[in-house]
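Read the structure below first, then the notes.
Chains as they are written, first to last, in our numbering: chain A, 373 to 713; chain B, 27 to 261.
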């Protein structure tokens, strides 16, 4: 139960919730925190903050305070690799990445959670690469007090697949690169792919398994891929020969190397002619030529997900369509943009 | 087990639809909250009353899965137009009202994003959603009057206006008179007038030999003789 008392009667009572102060452009935060014992000296400041009344709360057995509610919600939302402290500020608890990795959000569960009246959680986009300590989400209960059953239902919804938020570590793969194409193989033009790909792999902390070159010959491409597999590579990137020209035989080479599951085409620009295949459990990613020209392409979307252990297939490549269009900004701010979200 | 129940419920209802999925799940949750078997044992069924608040597909599924029946007075229809049902356990006195959430309809697209047809999407999504998303549950108190319970007719009254017999306290007392509800003016029909109809003397004829057992399968004989009220009222 909430009772409203005039400020004049508030001396000696304890504040039922944090009281926020906003000085535009300068400060936003709690001027007083929950539990503060109101004394004469506080009255002027409270009045300046527009408070002429305060709440006194007497919780019924089935009711819960916003701070306790926020902790129950945070506990339910946070999965592996996500940390939080039970120290709500103005009723809100922040959730942080507990390690470097890929933030994965259970989007349907998050939506269902937020459909429960009186609770909220806002997150970064799913599949955002995060560093340890990054803020990934915030949650709170909306009213000051509410029914415990509502909070428990929201928590159950958050837990329907374990947890809404997870930060998955990227596995330490050894990545082999196969550069295909007659012109490069015969030295007619220099390769520019290998340094670009090695840079991307290094930024994700991957060990290089070396670069192989193959002409536009399915058997030789397959041989180069097998060579990497035999050398212990657990991820293979193949470039060139990925488009629709008659000389483009890379797909055939990947198939002859033993790939049984091949997904060609992604709903991403740049990167429509991307290929994702699997030889056993080893992902083989076919990188289209756009990666030579654009700093961020479909590869940057798929690579972290594959390294986080996701089996990327037709469905995942298709669902990237919404948000899969790069705006090619003069100055690239990826991943702080909508691309791939 | 779920798929078999759903298929059988859909067959009894006439088609498989999202309402069947929701209804079967709602019934399973109701039984689970009371710790009852699926389907309830005969003893459990005697203590179970279910109120359904909608005459929609889900209502049939609830009746099918639980085994409650209108004619056994274990199924009560209250015309609220709300996707909800209340499961009352007469033995424990506990009652749970389960409401199908409106937000589950909005969430179907997120739970089954690969499907664009609305009905198929709901069929898939309503299987994927956990109970916590699909339902809200209230513990409620249900005051059942003696005349609402299964079993023999508890009371009969005669309408002072038309002479109709009214069972189980459903008569209305108005200005000292006992009336059936149609005679108070609240009938769902109007202008009743007796008619004659073709072949008025049709009757199924005498009982064939040994047919009594067929008319009284074991499950229906548990009620007392007074339950067979139709014969009683014809006397």
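Beta carbons are placed, not taken as given, at the ideal position from N, Cα and C, and that holds for glycine. In this text, all values refer to a predicted model and were calculated from it rather than measured experimentally.
Check                                                                                                                                                                  : Outcome
Note down, in chain order, every chain A residue with its Cβ under 7 Å from the Cβ of residue 137 of chain B.                                                          : 480
Under three-state DSSP, which class holds residue 259 of chain B?                                                                                                      : Interpretation of residue 259 of chain B is limited by its pLDDT of 40, a score under 50 that renders its predicted location unreliable; no figure is taken from the coordinates.
Which residues of chain A have a Cβ atom closer than 7 Å to the Cβ of residue 158 of chain B, listed in chain order?                                                   : 525, 528, 529, 532
Using beta-carbon positions only, say whether residue 130 of chain B and residue 106 of chain B come within less than 9 Å of one another.                              : no
With a floor of 3 residues, list each beta strand (DSSP E) that falls wholly inside the region 396-446 of chain A, ordered by position along the chain.                : 399-404, 425-429, 435-437
May I ask you to verify whether the region 173-181 of chain B touches the region 194-211 of chain B, counting CB pairs closer than 8 Å and requiring at least 3?       : yes
Identify every residue that forms a DSSP beta bridge with residue 460 of chain A.                                                                                      : Per DSSP, none; premise fails for residue 460 of chain A.
My parser needs the beta strand (DSSP E) runs of 3 or more residues fully inside the region 584-626 of chain A; what are they?                                         : 607-611
Can you name the residues of chain A whose CB is closer than 9 Å to the CB of residue 54 of chain B?                                                                   : Within 9 Å Cβ-Cβ: nothing; residue 54 of chain B doesn't reach chain A, min ~17 Å.
Classify residue 557 of chain A as helix, strand or coil using the three-state DSSP reduction.                                                                         : helix
Note down, one range per segment and in chain order, each beta strand (DSSP E) of at least 3 residues found wholly within the region 502-543 of chain A.               : 507-513, 517-519, 537-540
Using a Cβ cut-off of 8 Å, which residues of the region 668-699 of chain A contact any Cβ in chain B, in chain order?                                                  : 687, 691
Measuring alpha carbon to alpha carbon, tell me which residue in A/400, A/389, A/393 is nearest residue 410 of chain A.                                                : A/389
Report yes if the C-beta distance between residue 630 of chain A and residue 647 of chain A is below 9 Å; otherwise report no.                                         : no
On the CB-based measure, 16 or more other CB atoms within 10 Å of its CB, does residue 538 of chain A come out buried or exposed?                                      : buried
Which residues, taken in chain order from the region 72-87 of chain B, show a beta carbon closer than 7 Å to some beta carbon of chain A?                              : none
How should residue 68 of chain B be labelled, buried or exposed, when 16 other C-beta atoms within 10 angstroms of its C-beta is the threshold for buried?             : exposed
For chain A, is any of its Cβ atoms less than 9 Å away from the one on residue 30 of chain B?                                                                          : no
According to DSSP, is residue 378 of chain A part of a helix, a strand, or is it coil?                                                                                 : strand
Against chain B, does residue 494 of chain A count as a neighbour if the rule is that its beta carbon must be under 9 Å from one of theirs?                            : no
Is the Cβ of residue 487 of chain A closer than 9 Å to any Cβ of chain B?                                                                                              : yes
Which of helix, strand or coil does DSSP assign to residue 102 of chain B?                                                                                             : strand
Output the distance between the C-alpha atoms of residue 439 of chain A and residue 515 of chain A, rounded to the nearest integer angstrom.                           : 10 Å
Under a Cβ-count criterion, where at least 16 other Cβ atoms within 10 Å of its own Cβ denotes burial, should residue 270 of chain B be classed as buried or exposed?  : This structure leaves residue 270 of chain B out entirely; chain B is present only between 27 and 261.
Using a Cβ-Cβ cutoff of 7 Å, what residues of the region 57-68 of chain B are near chain A? List them in chain order.                                                  : none
Grab me the residues of residue 685 of chain A's own chain with a C-beta within less than 6 Å of its C-beta, minus the 5 sequence neighbours each way, in chain order. : 635
Based on DSSP bridge pairs, tell me the residues matched to residue 655 of chain A.                                                                                    : A/650
Whose C-alpha, out of A/597, A/661, A/603, is nearest the C-alpha of residue 617 of chain A?                                                                           : A/661
Going along chain A in order, which residues have a C-beta closer than 7 Å to the C-beta of residue 133 of chain B?                                                    : 480, 483, 484, 487
So, does the CB of residue 109 of chain B fall closer than 9 Å to a CB anywhere in chain A?                                                                            : no
In the DSSP assignment, find the unbroken alpha helix (DSSP H) run with residue 92 of chain B in it and report its ends.                                               : 83-92
Would you give the residue range spanned by the alpha helix (DSSP H) that residue 636 of chain A belongs to?                                                           : Not the alpha helix (DSSP H): residue 636 of chain A falls in the beta strand (DSSP E), residues 633-636.
Roughly how many whole angstroms lie between the Cα atoms of residue 455 of chain A and residue 505 of chain A?                                                        : 9 Å
Looking at the secondary structure, which residues open and close the alpha helix (DSSP H) in which residue 190 of chain B lies?                                       : Run containing residue 190 of chain B: none; DSSP gives neither H nor E here.
Fully enclosed by the region 453-497 of chain A, which beta strand (DSSP E) runs are 3 residues long or longer?                                                        : 454-456, 464-469, 473-477, 491-495
Helix or strand or just coil, what does DSSP make of residue 215 of chain B?                                                                                           : coil
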